[in-house]
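Visitor: Read left to right, the sequence shown gives residues 3 to 228 (the working numbering).
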Amino acid sequence: MGRYRSWRASLPDQVKVVLPILPGREGRLLDLPHEQVSAVTDEVMQQLAGALAGTRIAIAGLSYGALLAYDLAARLEAAGHQVEALFVASQRAPTTAAPVLNWHAMDQQHLLDKLRQIDGLEANMNEEFLDLFLPVIRADLRASETYLQAARQAPLRCPIYLYHGSADPAISAADAAPWCRESGQFFSRSLEAGHFLLGPAGDDLWLEALQADLATHVSVTAEAAC
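#1: Please state whether the Cβ-Cβ distance between A178 and L164 is less than 8 Å.
#2: Between the stretch 63-75 and the stretch 91-101, do three or more beta carbon pairs fall short of 8 Å?
#3: So which of L32, D133, P25 has the shortest CA-CA distance to E45?
#4: Please classify A107: does DSSP put it in a helix, a strand, or coil?
#5: Closest to P101 by CA distance: which of D133, A76, T148 is it?
#6: Just tell me which of R10, L32, L64 has its CA closest to the CA of I173.
#7: Any chance you could list the alpha helix (DSSP H) runs of at least 4 consecutive residues sitting entirely within the stretch 44-131, in chain order?
#8: When the Cα atoms are used, what is the spatial distance from A152 to D73?
#9: I'd like to confirm the pairing. Which residues does DSSP put opposite L164 in its beta bridges?
#10: Less than 8 Å separating the beta-carbons of L200 and L207?
#11: Let's see if you can read the secondary structure: which residues bound the alpha helix (DSSP H) around R5?
In structure tokens, the structure reads:
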């Protein structure tokens, strides 16, 4: 969450960054994490209730978060809310089955090795931290790997902006390409980065690209409303 909190200082003042607090994280460390995307979306919908009326909503998610963002966008549109845009990164399309790797069921050392391959673990992470958060990571992986959305009769009404790291060892360009079927308005960027879209010095390449696309989107929609 620290990455996304830092966005508040980088995005325009009129953009309010809302970060749902999910079980197994931060102030909810003792709550069991969900193992299904739909269960997470249920919670987020409840947390957002009362804050949606009259609000322009854009949703962003990276890796597992991209599937959560997509599912939330679909749920919000089905409930009659207008979603301005969906920003997704480093994830297969939701209607494409995940490769059968079963990350969530790997033994601990194998899983740690895989996570390090995608820079998903800090090099100096201690064992106490791992013992605390590996169950959360496994739950996220299970939810991600088992999520398969049936092809929608109609695509999302909101535009989709897709970001993919050219050096991502987990998600290939071919895995991500079918996102184009999920909306009639689709935009894609390939960034010179790995799975988490960070530059060599740790700079947030995804945020930089998202800022540019968000500014363009706001400009275009403002012109269309004139």
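Think of the CB as a built atom: it goes at the ideal place given N, C-alpha and C, for glycine as much as any other residue.
Treat the numbers as computed from the prediction; the structure is a model and nothing was measured.
Guide: Let me lay it out:
#1: Contact flag set, yes.
#2: yes
#3: P25
#4: helix
#5: Closest option to P101, Cα to Cα, is T148.
#6: L64
#7: 66-80, 110-119
#8: If you take the alpha carbons of A152 and D73, they lie about 12 Å apart.
#9: V90, S190
#10: yes
#11: 4-7
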